[in-house]
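Numbered per the UniProt record's numbering, the sequence shown spans residues 1 to 155. All C-beta atoms in this analysis are idealised placements derived from N, C-alpha and C, irrespective of residue type, glycine included.
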Amino acid sequence: MTHAPATLAQLLPLLEQAAADTPVIFATDSARIGPGYHVTELKLAQINSIDCGGNLNTWVETQLQLLDGADGAYLQAGKVASILRRSAQTIAGLSDAPLWVEMAPRNQGLSRYRIGAVQDTGGAFKVTLTHDQAQCKPAVSLGCCGTQAMESYCA
1 MTHAPATLAQ LLPLLEQAAA DTPVIFATDS ARIGPGYHVT ELKLAQINSI DCGGNLNTWV
61 ETQLQLLDGA DGAYLQAGKV ASILRRSAQT IAGLSDAPLW VEMAPRNQGL SRYRIGAVQD
121 TGGAFKVTLT HDQAQCKPAV SLGCCGTQAM ESYCA
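In structure tokens form, the structure reads like this:
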């Protein structure tokens, strides 16, 4: 079964349903994290921004950062679930904010990803990561996009 959890609160039960010794593999469309990776930190970040239209925006997000490994074994579902659970119990709001995964395959070019899907195949718990894209918030909020729209709505 495939799911696209958007928060730690949605990801954690899926990990807990997998056998504790199931390897957890994070992968993008072009690469996957190497065995021996580890969770470097979980962050609850409050973002305060101003967009191109002069509008102030505030939101919180959870960031799960992974350090790619070169050798060893993949982290197992029980271990990843334990890290996520302990972190969520320690930092209020961590489990409910939108989740981003920060990772750099081969530790080159740290990027931010959304979880596109997770799948427990029985032999592995695969977390498929997808890129997000930059967007013009004023144009998106008005339901339009493109260069012409940005020229109309941006300051």
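Per DSSP, residue 180 forms a beta bridge with which residues?
This structure gives no information on residue 180, because the portion of the chain shown stretches from 1 to 155.
Under the assumption that Gln135 contacts Glu102 (Cβ atoms under 8 Å), give the Cβ distance between them as a whole number of angstroms.
Actually they do not touch by this definition, with Cβ atoms about 19 Å apart.
Helix, strand or coil at Thr28 [DSSP, three-state]:
coil
Any contact of the region 3-14 with the region 51-60, i.e. 3+ C-beta pairs under 8 Å?
no
With contact counted as at least three CB pairs below 8 Å, one residue from each stretch, are the region 62-82 and the region 90-99 in contact?
yes
Minimum length 3: unbroken beta strand (DSSP E) runs contained in the region 84-127
99-103 and 111-120
In whole angstroms, give me the CA-to-CA distance for Ser82 and Thr7.
16 Å
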